[in-house]
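What follows is a set of notes on a single structure, which appears directly below.
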Amino acid sequence: MAETAQEQQQLRELLQAALDPSKAKAATEQLRQLLQQQQQPAVYLLLAEEVLRGEKEETRQLAAVLLRRKAAKFFSSLQPNQQSEFTESLVGRLGCEPSKPVRHSLGHLLAALLRLPQFDEAKTKHVLQLLAAPILEQQQPQLQVAAVEVFAAYVESGDGTETFFDELLHIFQQALTISNNNPALAGPALEGLRGLAEDAVEPSQQKKLFALLPGVTAVIEKAFQPEGDESVAMGALELIDDLLCNDLVLSESELLSVLHFLLGIAARPALDVGVRQQALAPIHWAAKQKPRVLCKGGFVPKLLDVLVEMAAQPDEPGCAVLEDEDDEDEELNPHRLACQTVDAIAVALPNKHICKPLLQRLEAYIHPTAPRTPEQEVLQQRAALTCIGIMSEGCEAALRGKLKAFMPFLIPLLQHSHPAVAAAAALCFGQFAEYLQPEIMQYQSQVLPLLLQQLDNPNRLVQHKACYAPSDSVREVCLSAIRSAAVASVAEEDDGEARPQGTPRPFDPYAADLFRLLEDIIRSPTVPRGNSGGAGTAAAGCSPATKARAIGVIGGLVKGLSPQCYQQQLRQLLQLVVQQVDGGEGQGEAAQESAHEIRDEAFACFRDVSSALKEEFVPFLEDVMVRVLASLFSSEGFTSPEEPGDFDLGDSGDESTGAGRELQIRDGYLDELDSAAFCLRSLWENCGGHCMKYLQKTCEAIEVLKTHFHDAARQQASFLIAAVLLAAHKTLANPQEQHSQQQAQGTVQCMQPHVLQLWKTQLYPLLFAIISEDVDKETVGDAFSALGTVLEGVGPAAIYSAEQRESLLLQCSNLLRGKHICQLNQDVDEDDDSRQEEEYLFEGLVAFLAALAAAASQATAAVAATVADPAAASVAQAAAANCNIDTFCSAYTQLHPHILALAAHKHSKTYAAIGLGCFAEVFREMQGSAVQYAESPAVLKAVGSGISQEEDEDCRRNACFCLSVIYEVAGSSPAVNSKSMELLQLMHPIFRPRDDLNKSEQSTVDNACSAVASMLLHAPPSGLPMGDVVRVFLSSLPLQADREESKTVLQALLHLAATQSDIVLQNSEQFMFACACEASFPGAARRIGSELTASAQQLLQEMCKNPQLPSGTLDALATRLQSKPYALAFLRQ
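Count the sequence shown with this note's numbering and you get residues 19 to 1151, in order.
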């Protein structure tokens, strides 16, 4: 007995030493050794004794933490009677433990024990009843709180939730009810309810949770009282967010009632901005998922009232505009919160509900009718500029026509004496430059000189007496605006619209001044943000963020300028950027983080310049390549943490020994890594064979990226593999073979032996390892996408063996069945992040399957086309040996049921959208081989269900896309034709006035138009009300959001003119308007082709001369086309 007491005392002293910073290291190591020795059971008993009867709260808590970490081994070391005795003693200790931190650790220990297999349903129920008694009988307030904390921790694990759902729900409900008398119950009760909400999949369970909402709102209101706890309110708001995002089946009135309550909370300026943000989170969700409901009941006008007022509220009480210390990690304030919400609803809701109503409310800030203080003027002008700029993405169609009225307000404010207003004006212009092209460029001559002034002489802005620091933030926003405008100004060329030779680009006149100012900023000393004061020029110093932003702008300018405007300066500028990469002024953590930021932007600059120059970048290749590779192999981004001063008493992670410490990652390092990897990929894509001497180092870099802990690094590894192989294939291909391929379409190439060896032995094994072993969905999806890119560039020869093909198809099958390693523990529709990850995963899979089908079709066609040429036939047969339409169709037979299961999924519209999209992409490549699948009743039923449902716009859009492809490949099938009228009726509700639609719905209408166009082209018109079909079809043209469908639509218009001339004449104005727009939009030449464009132009010319054309048609058409100058010019050619 004395020996046990002595051991207990020794353990107690060791625990105390572990909590003493001067003795912690040695004591912690001794504790670890004790827990790893043969005497573990004895040590566990000593720890248990300390938990239950220790005199000092610190040692009781540490003993509880250690036991929780070793819960499974500890409990297994006890006899059944000891287990029961310890559990009941632990419950008793919870009731009398005076220390709140110790109670918390005891509760987590008990929750960890309840999750062990030794606790069967009967034993678990017994413990739950012991704990629940004080709550249900409203006795022992201290034990009530401890019990609810245990229940919350137990629910968090998910174990037993389904078995004891009703009991736990009742306990948490009772805890909320009696929290009036015991306020400490509210927090853990809400935490427990959130755990139940996360695991509640049955509608009946969700309804039971939603029935608690009145009690939850009462808790929120009480928490906002002077004596209340805002953290409790935050937990309750998070619970509401969880309930709504789990797709509760609510009526429209119920949902609007909840949203009105939340909006009322968001409108309270006295509340913490984090609480207001949480109140707005479900409104963001509703805007995206339930836009039609949100637009009912007068909710949006009230929301806009709140947001406009919030956008002009001070950043903090007593300080109108806060100093902006960190560009990347800006503090949330009411202004930013309002702008985030404006952005969300502008993208999600129809323009008519946002653009005009929001502008009407902001009019009071733009043209005030009442006196206002200088502080109010700054806040209101910042609010108006930022809100209008932010909404330009979602409301671009409505805002284009309003630029003329708004720009006179914006332009003078670029010179405002207050940095916050000047920065907001620059941000607004940058948003316009990105989303309102080409209309915004007519103001370039007025705006760009003002932006240049801001860069040239920023310090004059710091004359305003406000608690906002200086000019760095203004310069950074100006730099971003210039880059956005430069890149966007040549967007039409990116779309394939060639600029006439010798025609200057919009930014050419400003090139010299821009390069001079950028050089000044980059050469200037680096100083901490906010200390860049000085005499008048950038040379006085700038923050690292400003210098990095200036480096990034160089690449954007090179993309946006004519070559003659940068040829002389470019070498000097790139050498300057290289010097910055090599630099590193100063020592210490801050200097290292600044270096990461500068290298991040430098690599982005090199990437943009190489993309613009292609092989003309080769003179700079060595300097850039060496530094990119050095960055990828560097370990500078890691720092060792300080030695721990004491034992971690946190409650996260079971079965941890505490041994080993993770390296810390410097801010900016991962961004630099991503940028370097992307830059390396871009160099291979643009400089091709000139990179071959860096092949071995690049393969080593791929190895580093492929095993990196950072998901984005592994994603870049896949695309880098594709870039290297395509460059090698193109560079080392047989010149004669390459020439013959250019001469004859439909031919295929084999890989040269050393390229094939590189692919088989180095690159493909790395790529397949990512596909088959990675646990991140987006990374696996990107690996499949990269393999699809390889198939598009190399063709069927990329599949070099039957074993390779079958192993890939097995991975496809695993993914489709949800059996891939990256799909474990998934819950797709739970939140936006998981949904998006699943979409990325299947987007890559679909890209691969479509590319494989295309390569297989290409191989089979090449074999058939080269029958008369033995040499070419030999090449084609070799390339097609393991990838041809027969092998693909055989494999697809196995995959089809799994894709159909996704497309017809009863519960998840996300999966349905994925399956329908997969059908569309693969059927399009299979063409005639897809008929048997496209005409099957099960596929047509899945398509019809996707079109008719209104819950998920992605699913509806993919269903329309799939229908378009079905008619393209199986339009002559009687099974498909017999469904035409039914399918048209299902699509009819989609065709609504464009003003009533948000951006996503606009895209759905475009895909529905394509489906009707495909019907008109490939299905017999008999039995269809052609007059009505054509009228509805034309009324929704031209396409607004998805120009990929323009070719099908224009073909259908030409087909109608040839086969339904009477109906076309009856709708002549709308027909000619649609035809002119679809044939001439920016980038039409690339997307549609010159032959189809010429046919459309000829048709329009003939119609203009047609004597049967209704009177006034041409005048009305010319008036309508004033808003589409490209179409008007096309018509008049």
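Backbone N, C-alpha and C define an ideal beta-carbon position, used for all residues, glycine too. Here the structure is a predicted model, which means the values were calculated and not measured.
Asked: Given 8 Å, three or more beta-carbon pairs between the stretch 687 to 701 and the stretch 735 to 744; Found: yes
Asked: Within 8 Å, strictly: CB atoms of Val987 and Ala952; Found: yes
Asked: Asn1025 versus Arg975 - alpha carbon distance; Found: 6 Å
Asked: Cutoff 8 Å: Ile540 Cβ touching any chain C Cβ; Found: In summary, chain C is missing from the structure at hand, where a single protein chain is found.
Asked: Beta bridge counterpart(s) of Glu76 as assigned by DSSP; Found: Its beta-bridge partners do not exist; DSSP assigns none.
Asked: Reference Ala1134, options Ala1097, Asn1085, Ala193, closest by Cα; Found: Asn1085
Asked: Alpha carbon of Glu270 to alpha carbon of Leu277, nearest angstrom; Found: 11 Å
Asked: Chain-order list of residues whose beta-carbon lies under 6 Å from that of Phe1148 (same chain, five-residue window excluded); Found: Ala1094, Ser1098
Asked: Those residues which DSSP pairs with Thr544 across a bridge; Found: Cys560
Asked: Candidates Ala204, His188, Gly205, Gly246: closest to Leu227 by CA position; Found: His188
Asked: Proximal residues to Glu615 (C-beta, below 7 Å), its chain only, five neighbours per side dropped; Found: Pro562, Ala563, Ala566, Gly686
Asked: Beta carbon of Ala329 nearer than 8 Å to that of Ala288; Found: no
Asked: Own chain, CB closer than 8 Å to Val798, minus 5 neighbours either side, in chain order; Found: Ile788, Ile789, Asp792, Leu833, His838, Cys840, Leu859, Gly862
Asked: Exposed unless 16 or more other CB atoms sit within 10 angstroms - verdict on Asn1124; Found: exposed
Asked: Assigned secondary structure, Ile817 (DSSP; H/G/I helix, E/B strand, else coil); Found: coil
Asked: Segment limits, alpha helix (DSSP H) that includes Asn900; Found: It is not in any alpha helix (DSSP H) - Asn900 carries neither H nor E in the DSSP assignment.
Asked: 4-residue-minimum alpha helix (DSSP H) runs that sit fully inside the stretch 836 to 891, ordered along the chain; Found: 850 to 883
Asked: Alpha helix (DSSP H) segment containing Glu1087, residue limits; Found: 1086 to 1098
Asked: Selected residue, minimal CA-CA separation from Cys446, among Gln587, Ala401, Pro456, Val250; Found: Ala401
Asked: As assigned by DSSP and simplified to three states, the class of Glu334; Found: strand
Asked: Contacts around Ala804, its chain only, beta-carbon distance under 7 Å, and the 5 residues preceding and following it disregarded; Found: Ser736, Phe737, Ile739, Ala740, Leu785
Asked: Contact belief for Leu431 with Ala440 at Cβ below 8 Å, rounded distance in angstroms; Found: 7 Å
Asked: Opposing strand residues paired with Ile616 [DSSP bridges]; Found: Answer is none; Ile616 lacks a bridge partner.
Asked: Buried/exposed call for Gly1107, threshold 16 Cβ in 10 Å; Found: exposed
Asked: Residue from Ala956, Pro1007, Met1033, Gln945 whose Cα sits closest to the Cα of Leu981; Found: Met1033
Asked: For Phe233, the first and last residue of its enclosing alpha helix (DSSP H); Found: Just to set this straight, residue 233 is Gly in the shown sequence, not Phe. Looking at the DSSP string, the run of the alpha helix (DSSP H) that includes Gly233 is 231 to 241.
Asked: C-alpha distance - Val1030 paired with Val311, whole-angstrom precision; Found: 28 Å
Asked: Any 3 or more C-beta pairs closer than 8 Å across the stretch 410 to 421 and the stretch 379 to 387; Found: no
Asked: Short Cβ contact (8 Å threshold) for Leu826 with Ala869; Found: no
Asked: Backbone secondary structure at Gln682 - three-state DSSP; Found: strand
Asked: Ser628 to Val864 span [Cα, whole Å]; Found: 30 Å
Asked: Gly1130, buried or exposed, once every other Cβ within 10 Å from all chains shown has been counted against 16; Found: exposed
Asked: DSSP state of Phe1051 mapped onto helix, strand, coil; Found: helix
Asked: Cβ-Cβ separation, Met643 to Tyr712 (assumed contact under 8 Å), whole Å; Found: 6 Å
Asked: Other residues of its chain near Ala499: CB distance less than 8 Å, five sequence neighbours each side excluded; Found: Ala444, Leu445, Phe447, Gly448, Ala451, Leu469
Asked: Pick from Arg71, Thr235, Ala880 that is closest to Arg111, judged by C-alpha positions; Found: Arg71
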